[in-house]
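Enquirer: Here this note's numbering runs 4 ahead of the position in the first sequence, where the first position is 1.
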Amino acid sequence: MVRPPCCDKLNVKKGLWTEEEDAKILAYVSKHGTGNWTAGLRRCGKSCRLRWTNYLQPDLKRESFTPQEEELIIRLHAAIGSRWSLIAQQLPGRTDNDVKNYWNTKLKKKLSEMGIDPVTHKPFSQILADYGNIGGLPKSRTRIGSLNRDVKNTFLIKPEPHQPQAPPAATHGFTNINNNQLMTTMAAPGIELIPENFVTNNNINHHAAADCVQESSSTTTERSFVAAMLDQVQEMFSEFANLLEDTCY
DNA sequence: AATTAGTCCAACCGCGAGGGG
DNA sequence: GCCCCTCGCGGTTGGACTAAT
5 MVRPPCCDKL NVKKGLWTEE EDAKILAYVS KHGTGNWTAG LRRCGKSCRL RWTNYLQPDL
65 KRESFTPQEE ELIIRLHAAI GSRWSLIAQQ LPGRTDNDVK NYWNTKLKKK LSEMGIDPVT
125 HKPFSQILAD YGNIGGLPKS RTRIGSLNRD VKNTFLIKPE PHQPQAPPAA THGFTNINNN
185 QLMTTMAAPG IELIPENFVT NNNINHHAAA DCVQESSSTT TERSFVAAML DQVQEMFSEF
245 ANLLEDTCY
């Protein structure tokens, strides 16, 4: 069953915004704040919120991305994947949509031209070499086996001890990056990360929570509780991966 | 000048989380 | 516990604009 579009029943306006509509939004926000997007406008509330957050907010930057911002986006993407809202929080005046668009239109292409895979952040040569190794594995299990490995690795990435370089890309699934590690590995010369943006009560999504767990918990008890829960989840995924492996073989 | 191809970004869509009744 | 609604997120699309032919 496909969920109907949220605004079908309201017969509201869609498409590009006019100056008049922008003015109405601004007036509405100045009067009522941003807490409720459902009243007072002929647009879908969702659309109003998007227009405000991506375009009308007063502190948004309009100029193009600086090299420092660019580098920070690349580093953060390598660490946490396409969690644009989290990345955007490190770039004052930029929205998740800005960052996402910039990544999709410029940075992906730029990295590819540099011979770096924008998904894994590894050099293409290394990826080809890896595939060569996989292809060299014996017999027919190869493909499924590598898939299973991928599944396992996705869920069970552990930080390499005594390795200061950035952690591996983990677009999907869990990583064990905590806030300090992120701050350490991502900080580039001339770039200052904004720690509180990783750890506010209301902006952590479930993935970010995993990344930020050690710093977001205010007491040792809370930290160990959440860490224990994460261990359990990882154990579950480990068992799942083993089960999958057994099933496929 | 007209047409085509490529780029960019604003806006939409579908989904999950969370809160209230 | 269930349903409905809103919010926030990431992925995708539409179309305006520009460059190339």
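Yeah, the Cβ is synthetic: ideal placement off N, Cα and C, and Gly gets one too.
Can you tell me whether D3 is buried or exposed? The criterion is at least 16 other CB atoms within 10 Å of its CB, across all chains shown.
Expert: Nothing can be reported for residue 3: it is not among the residues displayed for the chain, which extend from 5 to 253.
Enquirer: Three-state secondary structure (DSSP) at K126?
Expert: coil
Enquirer: Buried or exposed for P8, going by 16 or more other Cβ atoms inside 10 Å?
Expert: Residue confidence is low: P8 scores 47 on pLDDT, short of 50, so the model does not pin down where it sits. Its coordinate-derived value is still stated next. The residue in question, P8, is exposed, as its Cβ has fewer than 16 Cβ neighbours within 10 Å.
Enquirer: Which first and last residues belong to the alpha helix (DSSP H) in which L54 is found?
Expert: Segment 49-55, the alpha helix (DSSP H) holding L54.
Enquirer: Is the beta carbon of K28 closer than 9 Å to that of F69?
Expert: no
Enquirer: Please list the terminal residues of the continuous alpha helix (DSSP H) segment that includes I78.
Expert: 71-84
Enquirer: With DSSP run on the structure shown, which of helix, strand or coil describes K112?
Expert: helix
Enquirer: By how many angstroms is the C-alpha of W56 removed from the C-alpha of L95?
Expert: 18 Å
Enquirer: Report buried or exposed for A31, applying the criterion of at least 16 other Cβ atoms within 10 angstroms of its Cβ.
Expert: exposed
Enquirer: Are I77 and I84 close, meaning C-beta to C-beta below 9 Å?
Expert: Contact: no.
Enquirer: Indicate whether N101 and N58 have their beta-carbon atoms separated by less than 9 Å.
Expert: Against a cut-off of 9 Å, the Cβ pair of N58 and N101 comes out as a contact.
Enquirer: Anyone know if the C-beta pair for P122 and S129 falls short of 9 Å?
Expert: Pairing P122 with S129 gives a Cβ-Cβ distance that is not under 9 Å.
Enquirer: On the DSSP letters alone, give me the boundaries of the alpha helix (DSSP H) that D100 sits inside.
Expert: 100-106
Enquirer: Opposite I120 in the DSSP bridges: which residues?
Expert: Answer is P127, bridged to I120.
Enquirer: Identify the residues that DSSP records as bridge partners of K259: which are they?
Expert: As displayed, the chain neither begins before 5 nor continues past 253, which places residue 259 out of reach and without an answer.
Enquirer: When you compare each of Y106, G97, H36 to D63 by their alpha carbons, which one comes out closest?
Expert: G97
Enquirer: Closest by CA to L80, which one among S34, E67, R66, V103?
Expert: V103
Enquirer: Determine whether the beta carbon atoms of V16 and R46 lie at a separation below 9 Å.
Expert: yes
Enquirer: Quick one: is T99 buried, meaning 16 or more other Cβ sit within 10 Å of its Cβ, or exposed?
Expert: buried
Enquirer: Under 6 Å Cβ to Cβ from K112, same chain only, skipping five residues before and after it: list those, please.
Expert: P122
Enquirer: With H, G and I counted as helix, E and B as strand and the rest as coil, what does DSSP make of R60?
Expert: First, the residue type needs correcting, since residue 60 is Leu and not Arg in the sequence shown. Helix.
Enquirer: Could you give the first and the last residue of the continuous alpha helix (DSSP H) run that contains W88?
Expert: Counting along the chain, the alpha helix (DSSP H) containing W88 begins and ends at 88-92.
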